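I have placed the structure first, in the form of structure tokens, so that the comments after it can refer back to it.
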Amino acid sequence: MDTPRTVSDCHATDRPVAALATWHPHGEHIAPHRHSRAQLVHALSGVMTVQSATGSWVVPAGRAVWMPEDIEHRIHIAGDIAMRTLYVAPQARPNLPARCEVIEVSPLLREAIIAATGIGLHYPTAGRDHRVMELILDEIERAPRLGLHVPLPRNAQLLRLCQRMIAEPAEPVTLESLAAQMHVSGRTVARLFHREVGMSFGDWRRRMCLLLSLPRLAAGASILEVALEHGYLSPSAFSAMFRRALGVSPTDYLVSRE
Numbered sequence: 001m002d003t004p005r006t007v008s009d010c011h012a013t014d015r016p017v018a019a020l021a022t023w024h025p026h027g028e029h030i031a032p033h034r035h036s037r038a039q040l041v042h043a044l045s046g047v048m049t050v051q052s053a054t055g056s057w058v059v060p061a062g063r064a065v066w067m068p069e070d071i072e073h074r075i076h077i078a079g080d081i082a083m084r085t086l087y088v089a090p091q092a093r094p095n096l097p098a099r100c101e102v103i104e105v106s107p108l109l110r111e112a113i114i115a116a117t118g119i120g121l122h123y124p125t126a127g128r129d130h131r132v133m134e135l136i137l138d139e140i141e142r143a144p145r146l147g148l149h150v151p152l153p154r155n156a157q158l159l160r161l162c163q164r165m166i167a168e169p170a171e172p173v174t175l176e177s178l179a180a181q182m183h184v185s186g187r188t189v190a191r192l193f194h195r196e197v198g199m200s201f202g203d204w205r206r207r208m209c210l211l212l213s214l215p216r217l218a219a220g221a222s223i224l225e226v227a228l229e230h231g232y233l234s235p236s237a238f239s240a241m242f243r244r245a246l247g248v249s250p251t252d253y254l255v256s257r258e
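Here my numbering is used: position 252 in the sequence shown is 252, and no number is missing along the way.
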């Protein structure tokens, strides 16, 4: 029986792309770590939350997160996950993403990723296996990028307040209440949000609540529970926000694409 490959094996190969299949139970936390290769991390089911110093990326089934090399990150698992990870050498392609991004995984890319986990780590540089890996890189380059990211500010005082909102999303917060805590005007806080995270306070808070809700829904929480946990007075109000942001209902969004 063949010995299962490891992350170290994927890093050690001289081929530009290596694939690894792993399984993770609901609630698992993968401790902070970094890789010398870029990663494309795809879950066949469940929801992953990937966090680094610059923000959080929420990755439901049917999507994947691209993580450039040498960026420290950690992963939280919601729902049992069959994870498929590609390890991509820095020199594999010049036009691969330079920053963390969530991408849409097309049916073609999904099947190619699954096929890649059965390809040897030292595949020939010509032939079918090589073409599968090249197809994967083609599909990553052209895949739609998704706004499933909560950016964090660099300003230390605002960062602490944002982290508190993430920890307690049901607490009512306004620009004025933030301004009082920072001893500045509401207008100053509004400008600071635009400068630090590239969006208004209201847009940031709605995105934060939206993305925090996805792991809870994947873990089996009801829409009512999730709505109340994130400061919405009713499931219909939460669902309306969800549909405006993502174009589908909360239930439809989390349907597995298997």
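Here a beta-carbon is modelled for each residue, glycine too, at the ideal position from N, C-alpha and C. As the structure is a computational prediction, the values presented were derived from the model and not from experiment.
| Check | Outcome |
| --- | --- |
| Quick check: the Cα distance between VAL248 and PHE242, rounded to an integer number of angstroms? | 7 Å |
| The beta strand (DSSP E) spanning VAL41 covers which residue range? | 38 to 43 |
| For the region 121 to 135 against the region 156 to 168, do three or more pairs of beta-carbon atoms, one drawn from each stretch, fall closer than 8 Å, so that the two count as touching? | no |
| For the putative contact between VAL102 and ARG74, defined by C-beta atoms under 8 Å, what is the C-beta separation to the nearest angstrom? | That pair is no contact at about 16 Å. |
| Could you give the DSSP three-state label for HIS122: helix, strand or coil? | coil |
| Taking only three categories from DSSP, how would you classify ILE114? | helix |
| Taking the alpha-carbon positions, what's the THR49 to PRO32 distance? | 13 Å |
| Would you call ALA18 buried or exposed, if buried means 16 or more other Cβ atoms sit within 10 Å of its Cβ? | buried |
| Could you work out which residue in ALA218, SER234, HIS230, ARG128 is closest to ASP252 when comparing CA atoms only? | ALA218 |
| Identify every run of the alpha helix (DSSP H) within the region 184 to 225, keeping only runs that are complete inside it and at least 4 residues long; order them along the chain. | 186 to 197, 201 to 218 |
| From what residue to what residue does the beta strand (DSSP E) around ARG84 run? | 81 to 88 |
| Go through the region 118 to 163 residue by residue and report every complete run of the alpha helix (DSSP H) that reaches 4 residues or more, in order. | 128 to 142 |
| Whose CA, out of THR13, GLY27, ALA21, lies closest to the CA of SER36? | THR13 |
| Please classify GLY202 as buried or exposed, where buried requires at least 16 other C-beta atoms within 10 Å of its C-beta. | exposed |
| Select from PRO25, GLY79, SER185, ALA53 the residue whose C-alpha is nearest the C-alpha of LEU152. | ALA53 |
| So what does ARG63 bridge to, in DSSP terms? | GLU104 |
| Where does LEU108 land, buried or exposed, given buried means 16+ other C-beta within 10 angstroms? | exposed |
| Which first and last residues belong to the beta strand (DSSP E) in which SER52 is found? | 47 to 52 |
| Can you name, in chain order, every residue of its own chain whose Cβ lies under 6 Å from the Cβ of CYS209, other than the five neighbours on each side? | PRO169, HIS230 |
| Grouping DSSP H, G and I as helix and E and B as strand, with all else coil, what is VAL17? | strand |
| Quick check on this structure: which residue in VAL105, ARG15, ARG195 has the alpha carbon closest to the alpha carbon of THR125? | ARG15 |
| Throw me the rounded Cβ distance for the SER45 and ASP80 pair, which I believe falls under 8 Å. | 7 Å |
| CB LEU40 to CB LEU86, shorter than 7 Å? | yes |
| Grouping DSSP H, G and I as helix and E and B as strand, with all else coil, what is SER177? | helix |
| Just mark TRP23 as buried or exposed, buried being the case when its beta carbon has 16 or more other beta carbons within 10 Å. | exposed |
| Go ahead and pull the three-state DSSP assignment for PRO235. | helix |
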